[in-house]
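All remarks here apply to the structure that follows.
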Amino acid sequence: MLPCAAMDAHGDDPVQRIRAAVAAIPRGRVASYGEIAARAGLPGRARLVGRVLREAPAALRLPWHRVLRAGGVTAFPAGSREAREQARRLAAEGVPMQRGRVALDRHGWERDLDAALWAPPTRRR
DNA sequence: TACTTGACCGTAT
DNA sequence: CATACGGCCAAGT
């Protein structure tokens, strides 16, 4: 038998883990390719994330529009069909993209961590 | 088999 | 802000 059979039980396939990481991006939030790679346990492999998204079946309904390049810049050429579609989808969930860029300090997935560290100890509202 | 491409990234100039 | 460079590595030529 193959030794990988055991690990498969947990989903060892990089493609599956990347898809799962993308699917986990909260609505109204965005993440970078590098961040997704790291969350999928594949640090330094941002390009693989791009490849996986490009080849992902549309039927999977992955929130690909929530994935941006480092710095919050769209991975698509300005004005391209994909870039416009991405901006449209993000806008639909309250994430503005201007000049092909999203403000990560306001909409980045990791923003919550910083917010938590800087937030007042007591309740907020 | 060797070389090129890419939905990328961080650092350095 | 813009180039450049090295790292990454599966697919395509």
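So for the first sequence, our numbering puts the first residue at 5; every next one is plus one.
Even for Gly, the Cβ is constructed at its ideal location relative to N, Cα and C.
Mind checking which residues open and close the alpha helix (DSSP H) that includes Leu-94? Residue numbering aside, residue 94 sits at position 90 when the first sequence is read from its first letter. Its alpha helix (DSSP H) spans residues 85-96.
According to DSSP, is Ala-75 helix, strand or coil? For the purposes of this step, residue 75 is identified with residue 71 of the first sequence, where counting begins at 1. For clarity, residue 75 is Gly in the given sequence; the question names Ala instead. Correct three-state label for Gly-75: helix.
Pairwise C-alpha distance: Gly-98 and Thr-78: Position 74 of the first sequence holds residue 78. Position 94 of the first sequence holds residue 98. One C-alpha to the other measures close to 16 Å.
Which residue wins for smallest C-alpha separation from Leu-72, given the options Arg-23, Met-101 and Gln-20? Counting from 1 along the first sequence, the entry for residue 72 is found at position 68. Nearest option by C-alpha distance: Met-101.
Where DSSP assigns a beta bridge to Gln-102, which residues make up the other side? Counted from its first residue, the first sequence places residue 102 at position 98. Gln-102 is bridged to Arg-105.
Tell me the DSSP bridge mates of Gly-112? Walking along the first sequence from the start, residue 112 turns up at place 108. BP columns for Gly-112 point to Val-34.
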